[in-house]
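See below for the structure under consideration.
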Amino acid sequence: MKHLGIGIGWRPEIAGAVEGLDGIDWVEAVAENLCPGHLPDSLLRLRERGVTVVPHGVSLGLGGADRPDPRRLADLAARAEALGSPLVTEHIAFVRAGGELTASPRLEAGHLLPVPRTRDALRVLCENVRIAQDALPVPLALENIAALIDWPDEELTEGQFLSELVERTGVGLLIDVANLHTNRVNRGEDPAKVLADLPLEAIAYVHVAGGVERDGVWHDTHAHPVPQAVLDVLADLAARVSPPGVLLERDDAFPPAAELAAELGAIRATLASAEPPAPVARSAPAAAAPEAGPGYRDRLALAQAALLSSLTAGTPAPTGFDGRRLRVQARSLAAKRADVVAKVAPEPATLLGPDYREAFLKYAKCRPMYGGYRQDALDFARFLLDSGRPADAEARRALARWWKDRAGPRPPGRASRLLRTLTRAA
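So, in structure tokens, the structure goes:
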């Protein structure tokens, strides 16, 4: 793997701070936030200084039952070429479900959700990774994710699942030590056991990030300082292998540049104090098991659609899942939707003022996300207008104008809404 060094996640909100930090060898940027023909000036200046830029995708959903979307793959490839990147990264997760394989509406999670560690899911993931590798101009590395929920009847441990993935595809690994800590708190998984099972030679780089614990659940927020527990996992990893790169992630509640520099200093100190890596015996691989049989994509599609429907549409919890954890995850998804919609389309939130969050969460309970966050903002505005909100007439007219400018036809009037209600009742 290419030696990257010490890096930080580049975000527009801290672009100036990142440019001013000493000792930054590389940065990582969210791929979906970049346009190849109009790269931010800050990234161009960093590249001119010799700073490597790696695009980090969040929307491929390689762990989903569907084959990867060729358009999304082409977009990711274009970003890698525009940035001159040595690799691209994505996640071992699914982000949407439903559609043709299940003859049901396609649902969007707006979040990275865990795939079951089963033979069915492993075979689908490996096939999807090979499709992605063939479409990308540079190597691909995949990140382990944090999760609040466990799938029932899993057949492999995290380490075994990742090891088999690497063995079958040759894909690189992006190991997020903060996610290993998150899964220790939320799912009882020992980070040391996961690291012992991993093919350490496949590690492309490492993520380090902060979070917060509430009511016994660790929330991987990327908006809090990196805790010592995460640095301890990093030290354990560094005692097993010298990672080609280590990167600090921060996605919200951005601190002053001095605090970012201090966190980077703590990462450097952790790596410097780790004992030199010594040969470590890998745990025994999982016992050979039959390959997934016919219909594996269909089975995975049905399972993922049932889970996502429960999380976003309030349908019953699939058999074997912890209902309490599903409710926590569902609230987390709705809260994230509210936050992101307010960022990508601030007008409805501004018009509603302090009533925005309560109104959006009420909407989210009855309306899953079908087409991404911008479409979600339009659907939310339509929901408000259908219910006669905002209460202030001028604000309501302003929201209707905003909706019409972006969605085309005028929102239905009172007579149209009444006719639609009567038609449904009939």
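Note that the working numbering has the sequence shown beginning at -15, numbered continuously upward.
Even for Gly, the Cβ is constructed at its ideal location relative to N, Cα and C.
Query, Result
"Going by beta-carbon coordinates alone, are residue 114 and residue 93 separated by less than 8 angstroms?", "no"
"Under three-state DSSP, which class holds residue 80?", "strand"
"Among residues of its own chain, excluding the 5 on either side of residue 424, which ones have a beta-carbon nearer than 7 angstroms to its beta-carbon?", "The requested residue 424 does not occur in the structure, where the chain is confined to residues -15 to 410."
"By the three-class DSSP mapping on this structure, what secondary structure does residue 286 have?", "helix"
"Alpha carbon to alpha carbon, how far is residue 226 from residue 348?", "44 angstroms"
"Spell out the partners DSSP gives residue 411 in its beta bridges.", "Any question about residue 411 goes unanswered here, given that the chain covers just -15 to 410."
"Buried or exposed: where does residue 303 fall if 16 or more other Cβ atoms within 10 Å of its Cβ makes it buried?", "exposed"
"Check whether the segment 297 to 316 touches the segment 328 to 342, counting contact only when three or more Cβ pairs, one atom from each stretch, lie closer than 8 angstroms.", "no"
"Identify every run of the beta strand (DSSP E) within the segment 218 to 269, keeping only runs that are complete inside it and at least 3 residues long; order them along the chain.", "229 to 232"
"Which same chain residues end up closer than 7 angstroms to residue 328 when comparing Cβ atoms and leaving out the 5 residues on each side of it in sequence?", "357, 358 and 361"
"Do residue 202 and residue 169 have their beta-carbon atoms positioned less than 8 angstroms apart in this structure?", "yes"
"Buried or exposed, going by whether 16 or more other CB atoms sit within 10 Å of the CB of residue -5?", "buried"
"By the DSSP assignment, the alpha helix (DSSP H) with residue 32 in it spans what residues?", "25 to 32"
"Please report the residue range of the alpha helix (DSSP H) in which residue 135 lies.", "Unbroken run through residue 135: none, as it is neither H nor E."
"Using the three-state DSSP reduction, which class does residue -2 fall into: helix, strand or coil?", "helix"
"Within the continuous alpha helix (DSSP H) that includes residue 104, where are the two ends?", "103 to 119"
"Which first and last residues belong to the alpha helix (DSSP H) in which residue 331 is found?", "330 to 336"
"Extract the residue ranges of the alpha helix (DSSP H) inside the segment 153 to 200, only unbroken runs of 4 or more that lie entirely within it.", "161 to 171 and 175 to 181"
"If we count the other Cβ atoms within 10 Å of its Cβ and call it buried at 16 or more, is residue 198 buried or exposed?", "exposed"
"Count the other C-beta atoms from every protein chain shown that fall within 10 angstroms of the C-beta of residue 252, then say buried if there are 16 or more, exposed otherwise.", "exposed"
"Below 8 angstroms, how does it come out for the segment 146 to 165 and the segment 182 to 197: are there three or more Cβ pairs, yes or no?", "yes"
"For residue 69, name the three-state secondary structure that DSSP assigns.", "coil"
"What does DSSP give as the partner residues of residue -8 in its beta bridges?", "11 and 232"
"DSSP state of residue 293, grouped into three classes?", "helix"
"For the alpha helix (DSSP H) containing residue 345, list its first residue and its last residue.", "340 to 350"
"Can you grab the Cα-Cα spacing for the pair residue 386 / residue 216, in whole Å?", "49 angstroms"
"Taking 8 angstroms as the threshold (C-beta atoms), are residue -10 and residue 4 in contact?", "no"
"By the DSSP assignment, the beta strand (DSSP E) with residue 91 in it spans what residues?", "88 to 97"
"Is residue 224 buried or exposed, if buried means 16 or more other CB atoms sit within 10 Å of its CB?", "buried"
"With distances taken Cα to Cα, identify the nearest neighbour of residue 350 among 363, 340 and 339.", "363"
"For residue -3, I'd like the list of residues in its chain whose CB is within less than 7 angstroms of its CB, leaving aside the five on either flank, ordered along the chain.", "238"
"Do residue 214 and residue 255 have their CB atoms nearer than 8 angstroms?", "no"
"Mind checking who residue 74 pairs with in its DSSP beta bridge?", "126"
"Tell me which same chain residues have a C-beta within less than 7 angstroms of the C-beta of residue -12, skipping the five on either side of it?", "9, 10, 36, 189, 228 and 229"
"What does a CB cutoff of less than 7 angstroms around residue 293 pick up in its chain, not counting 5 residues either side in sequence?", "91 and 299"
"Per DSSP, what are the beta-bridge partners of residue 39 in this structure?", "13"
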